[in-house]
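Asks:
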Amino acid sequence: MGGVMCRSGEWNMAGPYRERRGNKYVQAMLRSLHDTERSVKVLPLCDDQAYDKLLAENLVFLCLLDASAVNTVIECIVRNTPIIINRLPALEELLGSDYPLFYMDFHEAADILGDLDVIRRGHHHIKRLDKEAFTLDTFCKGFEGVLLAQTKCHK
Numbered sequence: 026m027g028g029v030m031c032r033s034g035e036w037n038m039a040g041p042y043r044e045r046r047g048n049k050y051v052q053a054m055l056r057s058l059h060d061t062e063r064s065v066k067v068l069p070l071c072d073d074q075a076y077d078k079l080l081a082e083n084l085v086f087l088c089l090l091d092a093s094a095v096n097t098v099i100e101c102i103v104r105n106t107p108i109i110i111n112r113l114p115a116l117e118e119l120l121g122s123d124y125p126l127f128y129m130d131f132h133e134a135a136d137i138l139g140d141l142d143v144i145r146r147g148h149h150h151i152k153r154l155d156k157e158a159f160t161l162d163t164f165c166k167g168f169e170g171v172l173l174a175q176t177k178c179h180k
């Protein structure tokens, strides 16, 4: 779990898993995760600095059913953190179709985990990605463009 789930004070421990009050989807997802995969360790709430350090100093594994803009992937890109992740069109847009840490099944993911050269290539690949799209300045310019376009439409 990443992003706001590790940082936000709205998350609290309830039993062996985290819950967010009122969000039944997340509660059910976390219960299912806990019940089906006992090897997953849910970390306690951490501050921004500890979260950044955790993400920057580790390897991330994700298995997604679908994706568009995935915060965890973006956070890994800006920190140059290698991500072992299943191939999806939106992820190819972010990471490039030649990203060496894409996997097709869990056996291939296990092979990647056992090959430091492949992990190193994935790390170098992410380091070379253009991070400009993820800067605050780029976001503000894009948002300004949307506002200007809306203003023109309503005149």
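When the letters of the sequence shown are read in order and numbered with the working numbering, they come out as residues 26 to 180.
Even for Gly, the Cβ is constructed at its ideal location relative to N, Cα and C.
In the DSSP output, which residue or residues are listed as bridge partners for Val85?
Replies: Val85 is bridged to Ile108.
Asks: Please name the residue in Gln175, Leu154, Thr106 whose C-alpha comes closest to that of Ser122.
Replies: Leu154
Asks: Classify Pro69 as buried or exposed, calling it buried when 16 or more other Cβ atoms lie within 10 Å of its own Cβ.
Replies: exposed
Asks: When you compare only the Cα positions, how much space is there between Pro114 and Gln74?
Replies: Distance between the alpha carbons of Pro114 and Gln74 is about 32 Å.
Asks: Taking 8 Å as the cut-off, decide whether the C-beta atoms of Asp163 and Glu169 are in contact.
Replies: The identity of residue 163 in the sequence shown is Thr, whereas the question assumes Asp. Going by C-beta atoms, Thr163 is not nearer than 8 Å to Glu169.
Asks: Rounded to whole angstroms, what is the Cα-Cα separation between Met129 and Lys49?
Replies: 31 Å
Asks: Taking the straight line between their C-alpha atoms, what separation do you get for Arg96 and Lys177?
Replies: The question names Arg, but residue 96 in the sequence shown is Asn. When rounded, the distance between both Cα atoms is 31 Å.
Asks: When you compare only the Cα positions, how much space is there between Trp36 and Cys88?
Replies: Only weak support is given to the placement of Trp36: the predicted model assigns it a pLDDT of 46, under 50, and the value that follows is read from those uncertain coordinates. So the alpha carbons of these two residues sit roughly 23 Å apart.
Asks: Thinking Val98 and Pro125 are a contact (beta carbons under 8 Å), I'd like their distance in whole angstroms, please.
Replies: So it is not a contact: roughly 15 Å between Cβ atoms.
Asks: Using 8 Å for Cβ pairs, my map puts Phe159 next to Ile102. What's the rounded Cβ distance?
Replies: 7 Å
Asks: Going by other Cβ atoms of all chains shown within 10 Å of its Cβ, with 16 needed for buried, is Phe131 buried or exposed?
Replies: exposed
Asks: For Glu133, which option in Leu119, Asn111, His149 has the closest C-alpha, if you only look at C-alpha atoms?
Replies: Of the candidates Leu119, Asn111, His149, the one whose C-alpha sits nearest the C-alpha of Glu133 is Asn111.
Asks: For Ala92, which residues in the same chain have their Cβ closer than 6 Å to its Cβ, ignoring the five residues on either side in sequence?
Replies: Leu113, Ala115, Leu116
Asks: Looking at the ligand SAH, does it come within less than 7 Å of Ile110, judged from the CB to the closest heavy atom?
Replies: No copy of the ligand SAH appears in this structure; indeed no ligand is present at all.
Asks: For Arg104 versus Ala81, is the C-beta distance shorter than 8 Å?
Replies: Contact flag set, yes.
Asks: Starting from Thr163, follow the alpha helix (DSSP H) in both directions and report where the run begins and ends.
Replies: According to the DSSP assignment, Thr163 belongs to the alpha helix (DSSP H) that extends over 161-178.
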